[in-house]
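Step one of this worksheet: look at the structure below.
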Amino acid sequence: MKTNIITIQLEHVSFAYHSKMKETMALQDISFNVYKGEVVAIVGPSGCGKSTLLSLLSGLRKPEEGQLYIQGEIGYMLQKDHLLEWRNVMDNAALGLEIQHKKNPQTLAHLKKMLTIYGLDAFALSKPSELSGGMRQRAALIRTLVLNPDILLLDEPCSALDYQTKLWVNEDMIKIIKKEQKTAILVSHDLSEAISMADRIIILSPRPGTIQTILHLDFPEDESPLQRRSNPEFSQYFDLAWKEMKNSYDAVFT
Amino acid sequence: MTQFSLRQQAFLEKEMRQKQFVFFSRIFLFIFLLSLWEIAGRQKWIDVFFFSSPSRILYALLDMVKNKSLFLHVGLTMGETLLSFSIVTILTLFVALLLWSNRALAQILEPYLILCNSLPKSALAPLFIVWFGHNVKTILIAGISVAIFGSILTLYTQFKEMNDEKSKLIYTLGGNQFHVLSKVILPASVPMIFSTMKVNIGLCLVGVIIGEFLVAKAGLGYLIMYGSQVFKLDWVMLSIFLLCGIALILYKILAIAEKKL
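Protein chains in written order, with our numbering: chain Y, 1 to 254; chain U, 255 to 515.
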C-alpha cells in the first residue's frame with residue numbers, strides 16, 4: 001500500500017570507483033524519494049550504476065557527494081542466493097538472525113512459520129544443493145525477511161532463474177512484499193519484469209548513471225504481476241519505457 | 255533391497271573386478287619386489303652386508319621388539335613429529351588469519367615468507383644446534399621449520415581468494431569481518447586446511463629426522479645415523495621401513511579425522 005511517508009531520500013548523490021589506472025564515474029547527481037509501501041524499480045543498461053545504487057542504499061558504500069536519508073531497517077537480497085552448502089536450509093535462513101544475535105525461540109518459531117508458508121518446511125533439514133532454483137531463491141528471501149526489514153533491496157533477484165520460474169517467483173515476491181507491507185527497491189535489466197512489479201520505474205542513463213526519467217505506473221492496486229502482463233496498458237508502458245531507454249542510449253552512443 | 259537391471263549389475267560387477275585387480279596387483283608387486291631382493295641376496299647377486307635383505311630386516315625387527323628398544327625409537331620419533339605438527343597447525347592457522355585480516359602486514363611479510371619457504375631448512379640445522387643445544391628442542395624446531403612457512407603461505411592464499419560475494423552477503427546481513435571469518439571463510443576452507451595438514455605431517459617427519467640425525471640419542475633418525483656409522487645396514491633399512499609405516503599411519507589418522515568432520 002502506497003503512502004505519503006518518505007522512507008528514502010537521495011539528494012544529488014554521486015559515486016565513483018577508484019583504481020590505480022583510472023576513476024570510473026558510476027552515478028552522477030541522483031535525486032529521488034521513495035515512499036513507504038512503494039515498490040520502485042530501477043532499470044537501465046548494464047554498467048549504469050544500478051547495483052552501485054543498492055550498495056549505497058544498503059550502507060555497504062558511502063556516497064562521495066550528496067546526501068542520503070533512510071528511515072528504517074534495510075534488507076538486501078543479492079543477485080545470487082549464496083546459500084552456504086555446509087548449512088541446511090533452516091540454518092541458512094537463520095544466518096542473519098545468528099549474526100545479529102537475534103536467534104531465540106520466538107524468532108526461530110517465526111522462521112519455521114515462514115518456511116511453512118513459503119513451502120520449504122519439508123526441506124528445512126536438506127542441503128541447499130537438493131533444492132530447485134526457485135526454492136533456493138525463496139530460502140534466500142526468507143533469510144532476508146526473517147530479520148523483519150522495513151525496506152527490501154532486490155538486486156535482480158531472479159536473474160539466475162529460468163523464465164517460467166522467474167514469473168512464479170516474482171508473483172510470490174510481490175505477494176509477500178504487499179502482505180508484509182514492505183517498501184521495496186528492485187533493480188532489474190528486464191523492462192517487462194519492472195513494469196509487472198513496480199509502482200514507479202526509475203530509468204537510468206548509461207554510465208555515468210543519471211536519472212533519465214521516472215515513470216509512474218497506474219495499475220489497479222490488486223493486480224498481480226501476471227495479471228498486469230495481460231493488461232492492455234502494459235504494452236503502452238513498455239513502449240514508453242523502451243523509448244526513454246533508447247533515447248538515453250542514442251544520446252550517448254551515436 | 256533395490257532391484258538392479260541386468261546391465262546395471264554387469265556394470266557393477268565390472269567395477270568390482272577392476273577394484274579387486276588393482277588391490278591384488280598392489281600386494282603382488284610388494285611381495286614380488288621383496289622376494290627379488292631376498293633371492294638376490296641369497297644368490298650373492300648383491301652383498302647383504304651393504305644391501306641387507308628382507309629376512310635380515312625381519313630378524314632385526316624381532317630383536318628390537320625383544321629388547322624393547324623398538325618402542326623407544328618409534329615412539330620418540332612419532333611423538334616428536336606429532337608435537338611439532340600440532341605446533342605447526344596452530345601457528346599456521348593463527349598467522350594465516352592474522353595476515354588475512356591485515357592486508358598491510360601481509361604485504362610486508364609476503365617476501366620474507368616466500369624467502370623462508372624456499373630456503374633449504376637443513377642449512378639452518380647447525381645453527382639450531384648452537385642456539386638450542388643438543389636436545390629435543392632442536393629436533394622440534396627442525397620439524398616445525400620445514401613445514402611452517404609453506405603451510406602459512408598456502409592457507410593465507412586460500413583465505414585471500416575466498417569468494418568475495420559470500421563476504422558481501424555477510425555484510426548485507428549486518429555482519430562484520432569476524433562473521434565473514436567464522437561463518438564463511440573457516441567453514442569453507444575445512445577441506446583445504448585438512449589437505450595442508452596432510453602435507454605438513456609428512457614435512458614435520460622430514461624435519462624431525464633431520465634433527466635426529468644431528469642431535470638425538472634415540473629415535474629412528476638416530477638409528478639410521480648410528481646404523482650407517484657402525485655398518486649395521488639392517489637397522490638402517492628397518493628404520494626406513496618403520497618410517498614408511500609411521501608416515502602412513504599419521505596420514506591415515508588425518509584422513510579418518512577429516513571424514514568424521
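C-beta atoms are modelled at their ideal positions from N, C-alpha and C, and glycine is treated no differently.
Suppose the cutoff is 7 Å on Cβ atoms and the five residues either side in sequence are ignored; what does the same chain contact list for residue i look like?
{"i": "S421/U", "result": "V434 and V438"}
{"i": "L492/U", "result": "I311, A314 and L315"}
{"i": "Q106/Y", "result": "none"}
{"i": "W242/Y", "result": "L191"}
{"i": "A16/Y", "result": "E23, T24, M25, A26 and E64"}
Rounded to whole angstroms, what is the Cα-Cα separation between residue i and residue j?
{"i": "I176/Y", "j": "S224/Y", "result": "11 Å"}
{"i": "R271/U", "j": "F265/U", "result": "10 Å"}
{"i": "L161/Y", "j": "G134/Y", "result": "7 Å"}
{"i": "F119/Y", "j": "S159/Y", "result": "In the sequence under discussion, the amino acid at residue 119/Y is Gly, which differs from the Phe named in the question. For G119/Y and S159/Y, the distance between alpha carbons rounds to 21 Å."}
{"i": "M234/U", "j": "D301/U", "result": "Within the shown structure, residues of chain U are numbered from 255 to 515, placing residue 234/U beyond reach of any answer."}
{"i": "I174/Y", "j": "P441/U", "result": "34 Å"}
{"i": "F339/U", "j": "I398/U", "result": "7 Å"}
{"i": "M77/Y", "j": "L108/Y", "result": "20 Å"}
{"i": "Y425/U", "j": "S55/Y", "result": "11 Å"}
{"i": "M451/U", "j": "T24/Y", "result": "43 Å"}
{"i": "P365/U", "j": "L378/U", "result": "19 Å"}
{"i": "I6/Y", "j": "D155/Y", "result": "21 Å"}
{"i": "R229/Y", "j": "A194/Y", "result": "11 Å"}
{"i": "K113/Y", "j": "L57/Y", "result": "29 Å"}
{"i": "C498/U", "j": "V484/U", "result": "23 Å"}
{"i": "K80/Y", "j": "M332/U", "result": "48 Å"}
{"i": "K273/U", "j": "F403/U", "result": "39 Å"}
{"i": "I142/Y", "j": "Q67/Y", "result": "31 Å"}
{"i": "N546/U", "j": "H327/U", "result": "Because chain U here runs from 255 to 515, residue 546/U falls outside it and cannot be looked at."}
{"i": "L115/Y", "j": "Q361/U", "result": "45 Å"}
{"i": "R296/U", "j": "F303/U", "result": "12 Å"}
{"i": "E221/Y", "j": "M197/Y", "result": "11 Å"}
{"i": "L337/U", "j": "P380/U", "result": "21 Å"}
{"i": "F238/Y", "j": "V34/Y", "result": "22 Å"}
{"i": "Y410/U", "j": "A511/U", "result": "22 Å"}
{"i": "A396/U", "j": "F448/U", "result": "22 Å"}
{"i": "D172/Y", "j": "F123/Y", "result": "18 Å"}
{"i": "Q137/Y", "j": "F282/U", "result": "54 Å"}
{"i": "L324/U", "j": "G456/U", "result": "21 Å"}
{"i": "L394/U", "j": "H388/U", "result": "12 Å"}
{"i": "C458/U", "j": "I500/U", "result": "12 Å"}
{"i": "V349/U", "j": "L95/Y", "result": "27 Å"}
Mind checking whether residue i and residue j have CB atoms under 7 Å apart?
{"i": "V400/U", "j": "G461/U", "result": "yes"}
{"i": "L111/Y", "j": "A139/Y", "result": "no"}
{"i": "L407/U", "j": "N371/U", "result": "yes"}
{"i": "N454/U", "j": "S405/U", "result": "yes"}
{"i": "I117/Y", "j": "G428/U", "result": "no"}
{"i": "E64/Y", "j": "S14/Y", "result": "yes"}
{"i": "M479/U", "j": "F467/U", "result": "yes"}
{"i": "S51/Y", "j": "V89/Y", "result": "no"}
{"i": "T210/Y", "j": "Q28/Y", "result": "yes"}
{"i": "A472/U", "j": "L351/U", "result": "no"}
{"i": "P206/Y", "j": "C48/Y", "result": "yes"}
{"i": "W489/U", "j": "L502/U", "result": "no"}
Below 6 Å CB to CB, which residues in the same chain sit around residue i once its five sequence neighbours on both sides are set aside?
{"i": "S31/Y", "result": "L10, E11 and H12"}
{"i": "T392/U", "result": "F382, I383, F386, G465 and V469"}
{"i": "L240/Y", "result": "none"}
{"i": "Q412/U", "result": "S443 and M446"}
Classify residue i as buried or exposed, calling it buried when 16 or more other Cβ atoms lie within 10 Å of its own Cβ.
{"i": "L226/Y", "result": "exposed"}
{"i": "W354/U", "result": "buried"}
{"i": "S19/Y", "result": "exposed"}
{"i": "T343/U", "result": "buried"}
{"i": "N170/Y", "result": "buried"}
{"i": "K179/Y", "result": "exposed"}
{"i": "I293/U", "result": "exposed"}
{"i": "L504/U", "result": "buried"}
{"i": "L369/U", "result": "exposed"}
{"i": "A251/Y", "result": "exposed"}
{"i": "Y69/Y", "result": "exposed"}
{"i": "E85/Y", "result": "exposed"}
{"i": "I463/U", "result": "buried"}
{"i": "E334/U", "result": "buried"}
{"i": "V319/U", "result": "exposed"}
{"i": "L260/U", "result": "exposed"}
{"i": "T144/Y", "result": "buried"}
Going by beta carbon distance, what residues of the same chain come within less than 8 Å of residue i, once the five residues before and after it are set aside?
{"i": "M245/Y", "result": "V43, G44, P45, L191, I203 and Q212"}
{"i": "E73/Y", "result": "L147, N148, P149, D150 and I151"}
{"i": "H509/U", "result": "First, the amino acid is wrong: residue 509/U is Ala here, not His. Excluding sequence neighbours, A509/U sits near K452."}
{"i": "D121/Y", "result": "K112 and L115"}
Three or more beta-carbon pairs under 8 Å between the stretch 304 to 317 of chain U and the stretch 279 to 295 of chain U, yes or no? yes
Under 8 Å, with one C-beta from each stretch per pair, do the stretch 31 to 41 of chain Y and the stretch 176 to 189 of chain Y reach the 3-pair mark? yes
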